[in-house]
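Undergrad: In UniProt numbering, the protein residues as written are 1 to 699. For glycine and all other residues, C-beta sits at the position ideal for the given N, C-alpha and C. Note that the structure is a prediction, hence the values are computed from the model and not measured.
#1: Which class does residue 357 belong to by DSSP, given the choice of helix, strand or coil?
#2: According to DSSP, residue 632 sits in a beta bridge with which residue or residues?
#3: What's the gap between the Cα of residue 233 and the Cα of residue 64?
#4: Taking residue 678 and residue 633 to be in contact with their CB atoms under 8 Å, please state how far apart those CB atoms are, rounded to whole angstroms.
#5: Taking Cβ to Cβ, would you say residue 216 is nearer than 9 Å to residue 203?
#6: So what does DSSP say about residue 442, is it helix, strand or coil?
#7: With the cut-off set at 9 Å, would you say residue 159 and residue 97 are in Cβ contact?
#8: Could you tell me the boundaries of the alpha helix (DSSP H) in which residue 281 lies?
#9: At which residues does the alpha helix (DSSP H) containing residue 155 begin and terminate?
#10: Does DSSP put residue 732 in a helix, in a strand, or in coil?
#11: State the Cα-Cα distance for the pair residue 380 and residue 525, rounded to the nearest angstrom.
#12: Distance check for residue 367 and residue 517, CA to CA, integer angstroms please.
#13: Between residue 281 and the rest of its own chain, which residues show a CB-CB distance below 8 Å, the 5 nearest in sequence each way excluded?
#14: Looking only at C-alpha atoms, which of 471, 206, 430 sits nearest to residue 279?
#15: Label residue 229 either buried or exposed according to how many other C-beta atoms from any shown protein chain fall within 10 Å of its C-beta, with 16 as the threshold for buried.
#16: What residue from 544, 540, 11 has the CA that sits closest to residue 574's CA?
#17: Using a Cβ-Cβ cutoff of less than 6 Å, which residues in the same chain neighbour residue 661 once the five nearest sequence positions on both sides are dropped?
#18: Check residue 578 in the structure and name its three-state DSSP category.
#19: Do residue 393 and residue 42 count as a contact pair if the criterion is CB distance below 9 Å?
#20: Which term fits residue 56, buried or exposed, when burial requires 16 or more other beta carbons within 10 angstroms of its beta carbon?
#21: Check whether the Cβ atoms of residue 154 and residue 239 sit closer than 9 Å, and answer yes or no.
#22: Buried or exposed: which applies to residue 208, given that a residue is buried once 16 or more other Cβ atoms fall within 10 Å of its Cβ?
#23: Distance, Cα to Cα, residue 32 vs residue 551?
#24: Taking 9 Å as the threshold (C-beta atoms), are residue 445 and residue 421 in contact?
#25: Is it right to say residue 701 is buried, meaning 16 or more other beta carbons lie within 10 angstroms of its own, or is it exposed?
#26: Between 609, 568, 313, which has its C-alpha nearest residue 597's C-alpha?
#27: Under 8 Å: do the stretch 584-600 and the stretch 637-654 share three or more Cβ pairs, one atom per stretch?
#28: Let me check one thing: in DSSP terms, what residues is residue 548 bridge-paired to?
#29: How many Å lie between residue 187 and residue 201 at the Cα?
#30: Alpha carbon to alpha carbon, what distance is there between residue 255 and residue 190?
#31: Using 10 angstroms around the beta-carbon of residue 251, count the other beta-carbons present and answer buried if the total reaches 16, otherwise exposed.
#32: Do you know how far the Cα of residue 9 is from the Cα of residue 378?
#33: Please state if the CB of residue 249 and the CB of residue 697 are separated by a distance shorter than 9 Å.
#34: Around the C-beta of residue 75, are 16 or more other C-beta atoms found within 10 angstroms, so that it is buried, or is it exposed?
#35: State the Cα-Cα distance for the pair residue 458 and residue 442, rounded to the nearest angstrom.
#36: In its own chain, which residues sit with a C-beta less than 6 Å from the C-beta of residue 559, not counting the 5 before and 5 after it?
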């Protein structure tokens, strides 16, 4: 391809964050800062010295009884929004970046049910806050992470941890065998220390008497299950991917400049995915205010009510078992308890590159559960190999943190309260059986209703997957996290709009594609897309009523999508692809293929070979980057031709320089083929019909 002038970032200068979050915002947010409150606390005493301890088994305030009677379900309840298990586990990955209550040992509270707390429940560590006037001199829990979206779970929330996780000889982060997360012995070999010293100096590994097991990183919870390890691996590898890009483009940069720039870009990718993909689905695309720059008046610290109550919905979303899938969609399931046991207790949640890809494909395809106040038995009975009930722990934690009173929480937020459990049920469409269960544990008093239970049972707020209370707290927290961070990517790169645009054009699916061995992904990484794979023979593959990822592989295949948006890959062989309903994405692959978009606006890419493309109804986009002589049979005035893979096309004038007309057909000549627009007049081509190359360095 011809080369034109490029937009580069050789002058880019990145100010490094402090690993512990200090020096960012005078309001706070550094590691070991305390949580803050946005409502009055609900402790039994104003300072938190007295709290509503979990009652004996069967008592009115027994968390296990509440979990058993109100929250229990053995049914599969796929989320009606169509989100997948990656969405659920990614929420956990987010919280592990910005929130983690430091464990305490100041007070142990007995429980008669060892399957809830292992016989005891330890209150979280605390400080007595000086926050006035709302919660002056009140027990406040301590955040073991930084409050900033800085990927501290990957890089480490202190200089000491970070130094051990970095490769001493390059700008990369250390990896283990196969490019997986490192173990203590990998760090030991790199730094000339013992494995015990490496484990003690980082977070993640656990020692049950036979030496440290599990991977190491920047968060103590990273080994809890395989999908969390996968998220951690993806963003570690994404840092190293950026290092490779930067070193190739700017060989004169120092190792430290490459490291800090790669980290800033990795953080930016993460921040963009969280806000523009994850939160857009969770609370709605326009729920958060537009970004207007860093504001030193904004307190970025973690809101206790958000961390302890509002953002615990992921435990409701978790399925009882988890899928592991091959490229063709075949696979197995692993019980949630076995997943936790294998990852946390045995320290081998992901054992190879291939194993990582199996887990990621599985969480991409598997639907998350509905957020409806019904928690799977895997979460309530099977965790950590101990029969651990996470729902019961959530209930007790609300009391420990002084945010356990549902009506008081709503009142503190300025929301209406409920006069009775019946009134709560009517307003939130709670069914009769659940209302009866609520009364069996709380009696007739709405004042006994635990915040976490009420929040999970609230009906969805408009445009949100969460109820009103959780939506307000979530929007407030994420606006504060963004606006109170002087290193937020849109602030950090404000002088480089091309770079911001590049970051915002990068999806989580793009990041997964470049950091794993998965060959085909659905374009939206948070949508549960059925993975339907063919064989090396000629196959006929049909989509479902939901989102599908249909892969033809070899042979002469016929692929047909379903009623909603599908991704179809023809693979090798002469294939026929039919999008049908929804906004579909079709890739022909090798050989001569026929692609038909269907009833709505679709994206068609014939791939290599000479292909025949029909957009059919809707406003379609035709992508060309594989060479060959491709015909577009029904191009219309408002449709789009994507030539961004060809650097010689940067304007309409460049197109006109490469167009010839014959028999009413327009031929746009490429150096490796041509695009032929059948029966279309050249004067009807306009700038808005094209996506051109911007020739910006990809960093």
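TA: Short version:
#1: Helix at residue 357.
#2: 613, 677
#3: 35 Å
#4: 5 Å
#5: Cβ atoms of residue 216 and residue 203: closer than 9 Å.
#6: helix
#7: no
#8: 279-282
#9: 152-155
#10: With the chain running from 1 to 699 in the structure shown, residue 732 is simply not present.
#11: Distance from the CA atom of residue 380 to the CA atom of residue 525, rounded to whole angstroms, is 27 Å.
#12: 22 Å
#13: 81, 83, 87, 465, 526
#14: The alpha carbon of residue 279 has as its nearest neighbour, out of 471, 206, 430, the alpha carbon of 471.
#15: buried
#16: Distances from the CA of residue 574 to each of 544, 540, 11 were compared; the closest alpha carbon is that of 540.
#17: 682
#18: strand
#19: Result no, Cβ atoms of residue 42 and residue 393 do not sit closer than 9 Å.
#20: Reliability of the predicted coordinates at residue 56 is poor, the pLDDT of 47 falling under 50, and the value obtained from them is presented with this limitation in mind. If you draw a 10 Å sphere on the C-beta of residue 56, you find fewer than 16 other C-beta atoms in it, and that means exposed.
#21: Yes, the pair counts as a contact, with Cβ atoms nearer than the cut-off.
#22: exposed
#23: 48 Å
#24: yes
#25: Since the first residue shown for the chain is 1 and the last is 699, residue 701 is missing from the structure and cannot be characterised.
#26: 568
#27: no
#28: 530, 566
#29: 10 Å
#30: 17 Å
#31: Residue 251 should be labelled exposed.
#32: 49 Å
#33: When the beta-carbon positions are compared, residue 697 and residue 249 come within less than 9 Å of each other.
#34: exposed
#35: 17 Å
#36: These residues qualify, in order along the chain: 541, 550, 552, 568, 577.
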